[in-house]
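Everything below concerns the one structure shown next.
Numbering (this note's numbering), first residue to last: 2 to 454.
Below you can see the structure in the form of structure tokens.
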């Protein structure tokens with residue numbers, strides 16, 4: 002998490018084993034972990050390998066990652082929720098190596114990869130039933146990305162990502178991309194920051210991956226204070242965005258209800274916020290009743306008809322998706338769980354586990370090594386903002402965070418029923434179950450119908 006004075010990112014990593022041979026075998030035969038996204042890229046050389054051999058190699062995958070921003074913001078400030086894989090071998094790399102009959106490549110902290118090592122656009126579109134919508138919808142819609150500090154390479158890095166995956170150009174010149182400061186100026190921008198630049202690249206790439214036809218507005222706050230980030234949200238809405246993604250959060254406080262009315266109360270605008278990356282516990286602005294709080298999952302291919310399976314993302318007791326019962330924010334009328342008298346986090350979820358992370362292109366600062374794999378609920382928040390954009394402009398008086406509740410329990414959402422993000426006195430606050438639960442809300446998108454009025 003970032004303090005107001007930019008510093009070098011705090012390094013914190015965990016080695017993580019991904020999956021098991023028994024669980025992965027059938028899914029790898031039918032789908033191939035990561036193959037969907039990398040049909041966008043080069044097809045691996047064919048190699049005869051048994052399903053058991055591929056599954057055994059994928060089970061060896063292990064990654065270490067770091068917070069893009071420092072971990073403990075002071076009161077009144079937020080952290081970004083981007084986690085960058087720095088070492089190890091991803092499941093995708095292991096699977097490709099098994100198919101080629103070669104030793105797997107590894108991720109190293111400073112060496113730029115010449116190609117992605119995580120999920121790409123077609124993976125995400127496939128996983129969430131969005132392939133047709135991503136092709137046909139989104140034109141004329143604008144997704145705003147709100148982050149702190151400046152990424153000088155944002156537009157150029159976005160161009161590389163989109164070009165690699167065959168997405169249409171999104172530039173200032175063609176009117177698709179715009180970058181402004183929190184006052185709306187295109188020239189008076191905040192100071193640059195390496196950690197938040199990685200966050201910005203992650204957000205821009207995820208918005209592009211899910212809604213490639215959407216315009217993108219990047220609004221950069223001059224610091225990571227709650228007030229400046231909230232001011233940037235207001236500016237995004239003022240400039241016409243109907244979809245605003247916020248991949249940051251901090252501890253709750255008694256000031257949150259006043260921040261609600263100042264910054265996040267925007268009827269007719271779908272505002273998403275990351276649930277957090279430190280396991281069980283409520284954060285703000287995810288706790289605002291005016292936003293869609295987005296939790297995180299581990300996303301893997303499977304032999305089911307969907308072709309994918311998800312569970313609650315948890316790496317350790319202090320690393321995993323956030324969730325919880327707010328201490329301050331009132332419960333919105335559409336939220337009906339009975340264990341929490343106030344606002345419950347989350348509403349919905351999407352992939353966030355760094356071990357099953359997404360590909361991002363970033364070249365600014367010490368973290369900008371080209372192709373990287375990222376996780377964290379900083380990935381899931383812009384993904385859900387993109388789904389809202391594919392679903393169409395919200396009703397002018399609506400609070401779109403209510404939309405998924407109208408579709409609760411239907412095939413429009415993938416119910417996530419396994420996993421936990423910590424220890425809690427009320428089980429569903431931290432443990433997945435059939436129906437609503439804190440870590441994943443009502444589940445993940447299956448198409449767009451749960452995200453429209």
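For every residue, glycine included, the Cβ atom is placed at its ideal position computed from N, Cα and C.
C-alpha gap between residue i and residue j, whole angstroms
{"i": "residue 224", "j": "residue 157", "result": "23 Å"}
{"i": "residue 374", "j": "residue 192", "result": "25 Å"}
{"i": "residue 49", "j": "residue 164", "result": "32 Å"}
{"i": "residue 182", "j": "residue 102", "result": "49 Å"}
{"i": "residue 64", "j": "residue 398", "result": "45 Å"}
{"i": "residue 131", "j": "residue 447", "result": "7 Å"}
{"i": "residue 116", "j": "residue 273", "result": "30 Å"}
{"i": "residue 285", "j": "residue 431", "result": "17 Å"}
{"i": "residue 449", "j": "residue 316", "result": "29 Å"}
{"i": "residue 161", "j": "residue 91", "result": "22 Å"}
{"i": "residue 451", "j": "residue 202", "result": "27 Å"}
{"i": "residue 365", "j": "residue 264", "result": "29 Å"}
{"i": "residue 143", "j": "residue 270", "result": "11 Å"}
{"i": "residue 1", "j": "residue 275", "result": "The chain is shown from 2 up to 454; residue 1 falls before or after that span and cannot be answered."}
{"i": "residue 178", "j": "residue 155", "result": "10 Å"}
{"i": "residue 370", "j": "residue 198", "result": "12 Å"}
{"i": "residue 79", "j": "residue 204", "result": "16 Å"}
{"i": "residue 314", "j": "residue 141", "result": "34 Å"}
{"i": "residue 128", "j": "residue 308", "result": "7 Å"}
{"i": "residue 293", "j": "residue 368", "result": "29 Å"}
{"i": "residue 70", "j": "residue 249", "result": "10 Å"}
{"i": "residue 356", "j": "residue 295", "result": "18 Å"}
{"i": "residue 257", "j": "residue 175", "result": "39 Å"}
{"i": "residue 435", "j": "residue 217", "result": "35 Å"}
{"i": "residue 321", "j": "residue 277", "result": "8 Å"}
{"i": "residue 453", "j": "residue 382", "result": "17 Å"}
{"i": "residue 389", "j": "residue 139", "result": "9 Å"}
Three-state secondary structure assigned by DSSP to residue i
{"i": "residue 197", "result": "helix"}
{"i": "residue 101", "result": "helix"}
{"i": "residue 180", "result": "strand"}
{"i": "residue 95", "result": "helix"}
{"i": "residue 238", "result": "helix"}
{"i": "residue 190", "result": "coil"}
{"i": "residue 450", "result": "helix"}
{"i": "residue 132", "result": "helix"}
{"i": "residue 273", "result": "strand"}
{"i": "residue 149", "result": "strand"}
{"i": "residue 209", "result": "helix"}
{"i": "residue 312", "result": "strand"}
{"i": "residue 250", "result": "strand"}
{"i": "residue 445", "result": "strand"}
{"i": "residue 231", "result": "helix"}
{"i": "residue 18", "result": "Unreliable placement is indicated for residue 18, whose pLDDT of 34 sits below 50; no coordinate value is reported for it."}
{"i": "residue 204", "result": "helix"}
{"i": "residue 329", "result": "strand"}
{"i": "residue 42", "result": "Any answer about residue 42 is weak, because its pLDDT of 45 lies below 50 and its placement is not dependable; what the coordinates show is given next. Residue 42: coil per DSSP, three-state reduction."}
{"i": "residue 281", "result": "coil"}
Residue range of the beta strand (DSSP E) that includes residue i
{"i": "residue 295", "result": "293 to 302"}
{"i": "residue 85", "result": "84 to 90"}
{"i": "residue 222", "result": "216 to 222"}
{"i": "residue 161", "result": "Counting along the chain, residue 161 falls outside any beta strand (DSSP E), though it belongs to the alpha helix (DSSP H) covering 155 to 165."}
{"i": "residue 173", "result": "Residue 173 -> no beta strand (DSSP E), and no H or E assigned at all."}
{"i": "residue 1", "result": "In the structure as shown, the chain begins at 2 and stops at 454. Residue 1 is therefore absent and cannot be evaluated."}
Extent of the continuous alpha helix (DSSP H) run through residue i
{"i": "residue 317", "result": "Element bounds for residue 317: not the alpha helix (DSSP H) but the beta strand (DSSP E), 315 to 317."}
{"i": "residue 257", "result": "257 to 260"}
{"i": "residue 123", "result": "122 to 128"}
Which runs of the alpha helix (DSSP H) spanning at least 4 residues fall entirely within the segment 332 to 408, listed in chain order? 378 to 392, 404 to 407
Using 8 Å as the Cβ pair cut-off and three pairs as the minimum, do the segment 113 to 123 and the segment 207 to 216 touch? yes
Taking contact to mean 3 or more Cβ pairs, one atom from each stretch, closer than 8 Å, check whether the segment 170 to 180 and the segment 73 to 87 are in contact. no
Does the pairing of the segment 349 to 356 with the segment 185 to 204 give three or more beta-carbon distances under 8 Å? Here the segment 349 to 356 does not lie against the segment 185 to 204, with fewer than 3 beta-carbon pairs under 8 Å apart.
Okay, do the segment 385 to 397 and the segment 352 to 372 touch, 3+ Cβ pairs below 8 Å being the bar? no
Closer than 8 Å is the cut-off here; do at least three beta carbon pairs connect the segment 326 to 345 with the segment 233 to 252? no
Taking the runs of the beta strand (DSSP E) that are 3 residues or longer, which of them lie wholly in the segment 405 to 441? Scanning the segment 405 to 441 from its first residue to its last, no whole beta strand (DSSP E) run of 3-plus residues comes out.
Contact between the segment 332 to 341 and the segment 138 to 155 (3+ Cβ pairs under 8 Å): Segments in contact, no.
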